[in-house]
Amino acid sequence: MLQNTNILFFALAILPSLFYICLLYFVVGRKFLNVQRSKRYLILGFLSTSIIEFIHYVFPEMNRYIFSGNQIINLILKTFIVIAFAEEMAKYTIFWWLTNDRKNKHKDLPIETIFYCVLVSSGFAIMENISYLMAYGKSVLFIRAVSAIIIHFILGIILGYFIAKSKSDIFIYNRNGGEKELSKNSLFKKIFYTIAGVFSATAVHGIYDAAIFLSPDARVTSFYVFAIIFLGLFISYLMIKEAIGQSGRLDAFYRKREKDEQK
4 MLQNTNILFF ALAILPSLFY ICLLYFVVGR KFLNVQRSKR YLILGFLSTS
54 IIEFIHYVFP EMNRYIFSGN QIINLILKTF IVIAFAEEMA KYTIFWWLTN
104 DRKNKHKDLP IETIFYCVLV SSGFAIMENI SYLMAYGKSV LFIRAVSAII
154 IHFILGIILG YFIAKSKSDI FIYNRNGGEK ELSKNSLFKK IFYTIAGVFS
204 ATAVHGIYDA AIFLSPDARV TSFYVFAIIF LGLFISYLMI KEAIGQSGRL
254 DAFYRKREKD EQK
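The numbering of the sequence shown is my numbering, which starts it at 4 and goes up by one.
This is the structure:
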C-alpha cells in the first residue's frame, strides 16, 4: 500500500533539519534548553513561509516595482531583498512574536536564544524543502540536505547570536579579570544588535543565493556554495562556543542571586 505513496520522500524532506537540530541539542546540552518551549518555535517556524507567501500575493509584481533593466543588478537585488531580507525578517517576526507572547517571562540565556532562532529557521527550511519536493521531485532532496538546509541552520545561528547579544545581561569586568557586576544592555545596543542580526543573516543568505544565480556553471556554483557553508559553519562554531560560555556564567550568576534572595 505504501509503495504508491510519497511518504518516504516526505520524511526525507523533513529528517535532515531534525537531524541538525538534534545534533545542536546534544552539543549544547539539556542543561540550558527547554524542550517543551522549543517545540513551539519549531512548529510556528513553519508559519514563517506563510509570511513570504502573503507578501508575494499582496505584491505579485514586486520585481517590477524596484528593479532596474540591468539583469545582473536585477538578480543581486532580487537575492538580497526579495529573497534574503524578506525571509530573514519573516523568521525574526515569528521569533519575536513567540518570545513576547510567552506567559513565562523567563530570561533566556544566550544559547537558548540561538537555539530557538535555529528552530524557527529550521521550520522555514522544512516547509521550503517540502515545497521544492512538490515542485521539482525527489531529485532535489539530497543536494538541499547538504546545502540549503545547512545554510538555513547557519542563518538561524547568526540571527540568534546577535539577538542574544541584544537581550542578554552582560558582565562588567574589573582590571584583574574578575566579574564585578552584571549590567543590562542599553536600548541603543538592543536595537543595534537586533538590526545587526537581521542584516548579517540577510548578507550571508544573499551571498549564498547570488552564488547560485550568478555562477557560470555547476562546478563553480558548487565551489562557492560549499565554501560559504564551510565558512558559515566555522563562524557558527565560534558563536555557539562563546554563547555556551556566556550562558554558563550567567546561569551560575542567576542561580547564586536567587539563592541569596531566598535567604
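A virtual CB, placed ideally from N, CA and C, is assigned to each residue, including glycine.
Below 8 Å CB to CB, which residues in the same chain sit around residue i once its five sequence neighbours on both sides are set aside?
i: I231; result: I154, V207, I210, Y211 and A214
i: R43; result: L101
i: L45; result: I24, L122, V123, S125 and G126
i: E261; result: none
Output needed for residue i: all residues of its chain with C-beta closer than 6 Å, excluding positions within five of it in sequence on either side, in chain order.
i: Y196; result: F165, K168 and S169
i: M4; result: In this prediction, M4 scores a pLDDT of 48, lower than 50, which makes its location untrustworthy; the coordinate-derived value is nonetheless stated afterwards. So no residue of the chain qualifies.
i: F233; result: none
i: C120; result: F98, G159, L162 and G163
i: K193; result: S169
Could you spell out where the alpha helix (DSSP H) holding residue i opens and where it closes?
i: A87; result: Where A87 is concerned, there is no enclosing alpha helix (DSSP H), given that its DSSP letter is neither H nor E.
i: E115; result: P113 to Y139
i: T82; result: Premise fails: T82 is in no alpha helix (DSSP H) and is neither H nor E.
i: D212; result: L190 to L217
i: S51; result: S51 to V61
i: R105; result: R105 -> no alpha helix (DSSP H), and no H or E assigned at all.
i: L150; result: Position check: residue 150 holds Ser in this sequence, whereas Leu was assumed. Run containing S150: none; DSSP gives neither H nor E here.
Once DSSP output is grouped into helix, strand and coil, what is the label at residue i?
i: R252; result: helix
i: F35; result: coil
i: Q74; result: helix
i: V30; result: helix
i: M4; result: Confidence at M4 is low in this model, with a pLDDT of 48, below 50, so the placement of that residue should be treated as unreliable; the coordinate-derived value is given next. Note: M4 maps to coil in three-state DSSP.
i: E91; result: helix
For residue i, collect the residues of the same chain with a Cβ closer than 7 Å to its Cβ; drop the 5 residues on either side in sequence, then sort them by chain order.
i: I86; result: D212
i: T82; result: G209, D212, A213 and F216
i: L50; result: I97
i: A150; result: Checking the displayed sequence, the identity of residue 150 turns out to be Ser instead of Ala. Closer than 7 Å at Cβ, skipping near neighbours: V228 and I232.
i: I79; result: A213
If contacts are defined as beta-carbon pairs under 8 Å, then residue i and residue j qualify, I think. What distance do you get, rounded to the angstrom?
i: L27; j: F118; result: 7 Å
i: S124; j: G48; result: 7 Å
i: S203; j: I114; result: Actually they do not touch by this definition, with Cβ atoms about 18 Å apart.
i: I129; j: S239; result: About 19 Å; that fails the 8 Å criterion.
i: F12; j: L136; result: 6 Å
i: A148; j: P19; result: 4 Å
i: A14; j: N132; result: In fact, because the Cβ distance is near 11 Å, the residues do not count as touching under 8 Å.
(message) Does the contact criterion of 3 or more C-beta pairs under 8 Å hold for the stretch 89 to 98 versus the stretch 41 to 60?
(response) yes
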